[in-house]
Amino acid sequence: MLGMLLLIGAALILLIRGGSNLAGIIGAEEQVAADAGGDLGAVGLGTGLISILLSIANFVVSLAVLVIGVITAIMGRGRARLGGILAAVIIVLAPILFFIGTFLMGMIGGITGMIDPNVGVTAGALRVILGVDLLRVLFVAAMIGLGGWFARSTAQKNLSA
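For what it's worth, the working numbering labels the leading residue of the sequence shown as -19, then goes sequentially.
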C-alpha cells in the first residue's frame, strides 16, 4: 500500500511541477513584459495564478510523499526500506537541486549573454531555464517512482510495506 502511494505521489509531483514549469514557459513573454514595466495581460495573470496554486499543491504533495517515505523506511525491510529512504531523501534534495540548477543556468545565461544585467531575463532565456528545470522534475519523479517501485515489489512478496 505504501509503495503504491509513493508511485501515485511520484505521478502527482510530475504533473504538478511539470505543469508549473509549463505555465511559466507559456507565460514567459508576459512575465518579461511585466518585469520591464509593461502591463500584465490575461495570459500573465492566468499563468501566475496557476503557478501559485500549483506551488501550494506541490508543497502539500511533497510533504505527503516525505511522510509516506519516512513511514515506509521505518516499517519496511530490505528494498522497501531502501525505497522509503530514497523517496524521503529526494524530496529533501529537490529544492537544493532547484537552487543549484537555477544558479548554474543564471551563470551560463549571463556568460552567454542570454541574461543582460541592464534589461533582465529575456523570454527565450526564461524558457531555457524552465526547460532545463523540467529535467530536474523528471529526475525527482523518477527517483520517487523508483522508491515506490522498490516498496511495491517488496509488498507483493509479503515482506512488509
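All C-beta atoms, glycine included, are put in the ideal place defined by N, C-alpha and C.
For the alpha helix (DSSP H) holding residue i, just list the boundary residues, first then last.
i	result
T27	A22 to M55
T82	R59 to T92
V99	Per DSSP, V99 belongs to no alpha helix (DSSP H) and is neither H nor E.
M(-16)	L(-18) to I6
Beta-carbon within less than 7 Å of residue i's beta-carbon, same chain only, minus the 5 sequence neighbours each way: which residues are those?
i	result
A103	A8, E9 and V12
A131	L(-18), G(-17), L(-14), T52, G56, A60, G63, G64 and A141
G21	E10
Output needed for residue i: all residues of its chain with C-beta closer than 6 Å, excluding positions within five of it in sequence on either side, in chain order.
i	result
I152	Summary: the structure shown does not reach residue 152, with the chain confined to residues -19 through 141, and so no result is reported for it.
S0	S31 and L34
M94	A105
Using 9 Å as the threshold, is the C-beta distance between residue i and residue j below it?
i	j	result
V45	A(-10)	yes
R116	L66	no
I80	V120	no
L126	L(-6)	no
G24	A14	yes
I(-12)	A37	no
Residues in its own chain within less than 8 Å of residue i by CB, not counting five upstream and five downstream?
i	result
T134	G(-17), G56, R57, G58, R59, A60, G63, S140 and A141
G89	I95, V101, A105, V108 and I109
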